[in-house]
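S.K.:
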Amino acid sequence: MSSSSRSGAGVPSSRSGGLPAALREFAGAHVSFLIFAVIAALACASVPNFAQADNFAVVVRQSAIPIIACIGMTMVLMTGGIDLSLGYIVGLSSIVSGILAKNLLLPAPLVLAVVLGLGALIGLANGAIIQFGKVPAFITTLGSGYILYGVAQIVSQGSIVNRLPAAFLAIGRTSLLGLPSSVFIALLVAGIFQVLIGSAAFGRRLRAFGFGPKAAGLSGVPVARINVSVYCLCGALAALAGLLLTIRVNAAQPNMGGGTFTFEAVTAAIVGGTSLFGGVGSVVGSIFGVLTIKIIENCINLLGVSYHLYLAVQGVIILAAIVLGNLAHRRG
Amino acid sequence: MSEALVSMRGIGKYIYGESGKALRNSEVKILDGVDFELRSGEVNVLVGENGAGKSTLMKVLGGVIPPDEGEILMDGHPVSFRDPREARAAGVAFIHQELNLCPNLDVAHNIFLGREPKRRGMKDASLMYARSAELIRSLSCDIDPREMVSRLSTAQQQVIEIAKAISFSSRVMIMDEPTASLTKREIDMLFGLIKRMRSEGMGIVYISHRFEEFLEIGDRVTVLRDGRGVGQLPMSEFDEAKVIKMMAGRSIDSLYPKTHGGAAESVLEVRGLRLTPRTPPIDIDVRAGEVVGLGGLVGSGRTELAKSVFGARRMAGGELRYLGRRLDRWNPRRAIAAGMAYLSEDRKAEGLVLGMNIRENVSLAALGDFLRFGLIAPRAERSKVEGLVGELSVVARSIEQPVATLSGGNQQRCVLAKWLATAPKLLILDEPTRGIDVGAKAQIHGLIDRIAAAGVAVLMISSELPELIGMSDRIYVMREGGVVAELAAGPDLTQERVVQYICVGCE
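Going down the list, the sequences are from chains A and B.
Count the first sequence with the working numbering and you get residues 1 to 332, in order.
Count the second sequence with the working numbering and you get residues 333 to 839, in order.
#1: Determine the chain A residues that contact Met688 of chain B at a beta-carbon separation under 9 Å, and present them in chain order.
#2: Going by alpha carbons, who is nearest to Ala422 of chain B out of B:Gly394, B:Pro435, B:Gln429, B:Gly563?
#3: Tell me the rounded alpha-carbon separation between Gly325 of chain A and Pro254 of chain A.
#4: By Cβ distance, which residues of its chain are closer than 8 Å to Pro410 of chain B, with the 5 residues on each side in sequence left out?
#5: Using the Cα positions of Ile526 of chain B and Ala440 of chain B, report the straight-line distance between them to the nearest angstrom.
#6: Would you list, in chain order, the members of the region 215-232 of chain A that have their beta-carbon closer than 8 Å to a beta-carbon of chain B?
#7: Check the DSSP bridge columns for Ser175 of chain A and list the partner residues they point to.
#8: Can you look up Ala251 of chain A in the DSSP assignment and give me helix, strand or coil?
#9: I'd like to know if the region 164-184 of chain A and the region 107-116 of chain A are in contact, where contact means that at least 3 CB-CB pairs between them fall below 8 Å.
#10: Could you compute how far the alpha carbon of Leu218 of chain A sits from the alpha carbon of Gln564 of chain B?
#11: Return the Cβ separation of Glu622 of chain B and Asp805 of chain B in integer angstroms, given the expectation that the two are a contact with Cβ distance under 8 Å.
#12: Could you name the residues of the same chain whose beta carbon sits closer than 6 Å to that of Ser387 of chain B, not counting the 5 residues immediately before and after it, in chain order?
#13: Listed in chain order, which residues of the region 661-684 of chain B have Cβ atoms closer than 7 Å to some Cβ of chain A?
#14: Tell me the rounded alpha-carbon separation between Thr754 of chain B and Leu797 of chain B.
#15: Apart from the five residues on each side of it in sequence, which residues of its chain come closer than 7 Å, Cβ to Cβ, to Phe642 of chain B?
#16: Asp508 of chain B lies in the beta strand (DSSP E); which residues open and close that run?
#17: Taking only runs that begin and end inside the region 572-641 of chain B, name each unbroken beta strand (DSSP E) of 3 or more residues, in chain order.
#18: Mark Gln832 of chain B as exposed unless 16 or more other C-beta atoms lie within 10 angstroms of its C-beta, in which case mark it buried.
#19: Which ranges does the alpha helix (DSSP H) cover as unbroken runs of at least 4 residues, wholly within the region 204-278 of chain A, from first to last along the chain?
#20: Just tell me which of A:Glu297, A:Cys299, A:Ala321, A:Thr292 has its CA closest to the CA of Leu34 of chain A.
#21: Give every residue of the same chain whose Cβ lies closer than 8 Å to the Cβ of Leu337 of chain B, excluding the five residues on either side of it in the sequence, and list them in chain order.
#22: Taking Cβ-Cβ distances shorter than 9 Å, what residues in chain B pair up with Ala201 of chain A?
#23: Give a yes or no on whether the minimum CB-CB distance between Ala620 of chain B and chain A is below 7 Å.
#24: Excluding five sequence neighbours on each side, which residues of the same chain lie with their C-beta closer than 8 Å to the C-beta of Pro107 of chain A?
#25: Less than 8 Å between the CB atoms is what I'm expecting for Phe570 of chain B and Glu548 of chain B, so what's the real figure, rounded?
#26: Please report the straight-line C-alpha distance between Thr611 of chain B and Gly719 of chain B, rounded to a whole angstrom.
#27: Looking at Pro120 of chain A: is its Cβ nearer than 7 Å to the Cβ of Cys234 of chain A?
#28: Taking the alpha helix (DSSP H) that Tyr833 of chain B belongs to, which residues open and close that run?
#29: Could you check what DSSP says for Val685 of chain B in three-state terms: helix, strand or coil?
#30: Using a beta-carbon distance cut-off of less than 7 Å, what residues from the region 710-737 of chain B approach chain A?
#31: Which residue from A:Ile82, A:Arg207, A:Ser46, A:Thr260 puts its Cα closest to that of Tyr307 of chain A?
#32: Can you tell me which of B:Glu545, B:Ser501, B:Asn432 puts its alpha carbon nearest to the alpha carbon of Asp520 of chain B?
#33: Decide if the region 63-75 of chain A is in contact with the region 233-247 of chain A; the criterion is three or more beta carbon pairs, one per stretch, under 8 Å apart.
#34: What in chain A is Cβ-close to Ala753 of chain B, meaning under 9 Å?
#35: Quick test of your reading: Ile67 of chain A and Ala190 of chain A, contact by CB under 8 Å. State the CB separation rounded to the nearest angstrom.
#36: Spell out whether any CB of chain A is found under 7 Å from the CB atom of Leu378 of chain B.
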């Protein structure tokens, strides 16, 4: 200890930058809100009929169900995985809920419980294959998604179930403050998961696992449990989305959801600031993400442009996010 | 026989900072003015402790990394290699310890990878197989050129690497610990090949830690220490004690604090633990209040032993007793709950979650302590983390700073803080001062001493002999997956003795 002369080698370059730095920090933490604000402002300024109270209500109503699914997808993406079966869980739970409610005349709460359980079970299978079978999430959920699609077609026998019982429809159609109850269900789900991801140990461990599975495991994070439960929760939320969609259109059909719905959930999560490389994501960000892309969809509708442009825009967003993310990774 | 085939003069290599820029003003260099000479028709054995710079020096020669200072001459002409391809074209072949073959291709395709013989633009497979068969025969070996590489033994794969090197008409062959995973018979065969290549005028650089091999195969020994050349001597002057002295004469640059000692009750008893079914059983004990050192080369099984104790790795046999209780179905989660902590040698992948900040990293292993109704109590977390960060004098703007932006020494303090937050009874440290500057090192040594003095059992892996000897009350030396010696601290525990056990074993 006599003369441990500290060499001036490792002096870190100071990073203080006054106001711009503070601005950058704010922007970094609220990217999803800023994107939302810019897109909304642009839409108000340039799209006729957009800035009207009942159009805003349309956007909110159309966002409610995707928000539920997007929260599930966000958690999965936070582990560094992906759930491509999400849209097909929606389709299967749609036809199953229709059959249970109309053909078997089960009471509405029981239908809800069975469908949620079904979604959770499917997610559990996905998660178990990914965690214990060491199969990449992309492959696992691509495969299971197609299995579910096939099963849904078989169960439905090629027909749709419509004119569903009123008691069942009431789950998502009861009007409160001028909005359907599905909007409030989405808010409730968002609240629960905001606490779970933002304040509970689960969220902290989920982020640690997403950023560095090795370090997390060696710090006592129950890695397997977290990885499986994320797919399980995502499956249950997808099933809830499927049930609410069925109620909204008053028809249970196996083609509901599907690849486009999955894709929408992924896009919204990315716009909401979720990283495809794991670790980063939030409920609030995902809500803004869904609102943003639903505004884009709404504008495309109002302008009378082909709906397919909406799909193309989503593709551009995802590719741009991946390319930018890769560049950032390389620099880091 | 006497002219220099390769001579490297004044080779220097800086350490690199986080930004990827060379730290030219740092006191520490990986290589500092190293001279190295290789004649044709000789086997030059390169020896030195872990981190002495052997591999770096050979990577410079093999074109893997460029030197920051100095020059390389081949046949008296200066050369510079921008990548391994250029080095290979100039006749320098590098056979790495982990062989670089494609397991999914057959032997001939591996030998001629990327330069398959062609006829009218198409691959000429029959010529390629014929030439491969000829090459392998010239090495007096019998391997079918159509065999998949994945089905060959390690020794056979090495033969393929050598055949590949010869097919490039290489004149310099660098072999990095080629015998590490070979049996006695395979080693004899390899030595036969090396002797043949030598008699044909090739120059061979042979990196190894096994003294018994030098005598058999080497013509000269070159010793490196702390990135400097200590000397070259012909095998006729080889003397085990002398070479050990050259390797081990690392300067002790600080005094090691030792207020701990006086071991109390046993905390960890390892009985008959086998790392793999083939390695010998290991018995070690660690008692409360003592620092037990674990010495040996990289790859001797030290980290594997530590991870087996911590439950992060499955062991092949034996049992662990911890605080008098036999451990069963063990994993890191349970280990932490029972009061074990493991500071990994790989700080960036296994020690820290680099995407998170100081607070989240430090509280991660003890997160359960901060929960109220399943939710993290922010105030309890912050005050605990701030206390530890202050105690370990982590230099940071705030505990919200991302750990990725901290210096190595401060990152290591954060990992230590994380484990101290769990109030461990057994602290396993794997290379606790690797890659951190001298001042931070001394401070971490002081901390380890204080932790042990407070009654914690410490098991410390270190490749730095002064640290190992200075900090430990007892040292276990590992070699090839087993413990070969238990040495007690004292005036007669010298670096030379430890090196002897590390390199020669107990016989």
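Where a beta carbon is used, it is the ideal one built from N, C-alpha and C, also for glycine.
M.R.: If we stick to the structure as given:
#1: Ordered by position in chain A, the residues that pass the 9 Å Cβ test against Met688 of chain B are Arg204, Arg207, Ala208, Phe211, Gly212, Gly279.
#2: Put simply, of B:Gly394, B:Pro435, B:Gln429, B:Gly563 the residue whose alpha carbon is nearest the alpha carbon of Ala422 of chain B is B:Gly394.
#3: Spanning the two alpha carbons is a distance of roughly 35 Å.
#4: Answer for Pro410 of chain B: Glu403, Ile404, listed in chain order.
#5: Taking the straight line from one Cα to the other gives about 22 Å.
#6: Within the region 215-232 of chain A, the residues whose Cβ lies closer than 8 Å to some Cβ of chain B are Ala215, Ala216, Gly217, Leu218, Ser219, Gly220, Val221, Pro222, listed in chain order.
#7: Ser175 of chain A is bridged by DSSP to A:Pro180.
#8: Residue state for Ala251 of chain A is assigned as strand, using DSSP reduced to three classes.
#9: These segments touch.
#10: In a straight line, the C-alpha of Leu218 of chain A is about 44 Å away from that of Gln564 of chain B.
#11: Between Glu622 of chain B and Asp805 of chain B, the beta carbon gap of about 4 Å places them in contact (Cβ cut-off 8 Å).
#12: Result list for Ser387 of chain B: empty, nothing under 6 Å.
#13: Correct list: Pro664, Arg665, Ile668, Tyr674, Ser676, Ala681, Glu682, Gly683, Leu684.
#14: In a straight line, the C-alpha of Thr754 of chain B is about 29 Å away from that of Leu797 of chain B.
#15: Same-chain partners within the cutoff: Pro664, Ala667, Met672, Tyr674, Ile760.
#16: Segment 504-508, the beta strand (DSSP E) holding Asp508 of chain B.
#17: Scanning the region 572-641 of chain B from its first residue to its last, the whole beta strand (DSSP E) runs of 3-plus residues come out as 598-606, 614-619, 623-627.
#18: The Cβ neighbour count for Gln832 of chain B, taken over all protein chains shown within 10 Å, is at least 16; the residue is labelled buried.
#19: With a minimum length of 4 residues, the unbroken runs of alpha helix (DSSP H) contained wholly in the region 204-278 of chain A fall at 213-218, 223-249, 258-271.
#20: For Leu34 of chain A, the nearest C-alpha among the options comes from A:Thr292.
#21: Around Leu337 of chain B: Leu370, Arg371, Ser372, Met406, Asp407, Arg503, Val504, Gly535.
#22: Near Ala201 of chain A (Cβ distances below 9 Å), the residues of chain B are Leu699, Gly700, Phe702, Leu703, Gly706, Leu707, Ile708.
#23: Interface annotation, Ala620 of chain B: not in contact with chain A, CB-CB separation never under 7 Å.
#24: Excluding sequence neighbours, Pro107 of chain A sits near Ala167.
#25: 11 Å between Cβ atoms; not a contact.
#26: Each residue's Cα considered, the two are about 44 Å apart.
#27: In the sequence as displayed, the identity of residue 120 of chain A is Ala instead of Pro. No. Outside cutoff.
#28: Element bounds for Tyr833 of chain B: 827-836.
#29: In the structure shown, Val685 of chain B sits in coil (DSSP, three-state: anything other than H, G, I, E or B).
#30: Of all residues in the region 710-737 of chain B, none comes within less than 7 Å of chain A when Cβ atoms are compared.
#31: Of the candidates A:Ile82, A:Arg207, A:Ser46, A:Thr260, A:Thr260 places its Cα closest to the Cα of Tyr307 of chain A.
#32: It is B:Glu545 whose Cα lies nearest to the Cα of Asp520 of chain B.
#33: As far as the Cβ criterion goes, the region 63-75 of chain A touches the region 233-247 of chain A, which means the pair count is three or higher.
#34: Under the 9 Å cutoff, chain A gives no residues; its nearest Cβ is about 10 Å from Ala753 of chain B.
#35: Beta-carbon to beta-carbon, Ile67 of chain A and Ala190 of chain A are separated by about 6 Å, close enough to satisfy the 8 Å threshold.
#36: By this cut-off, Leu378 of chain B is not an interface position.
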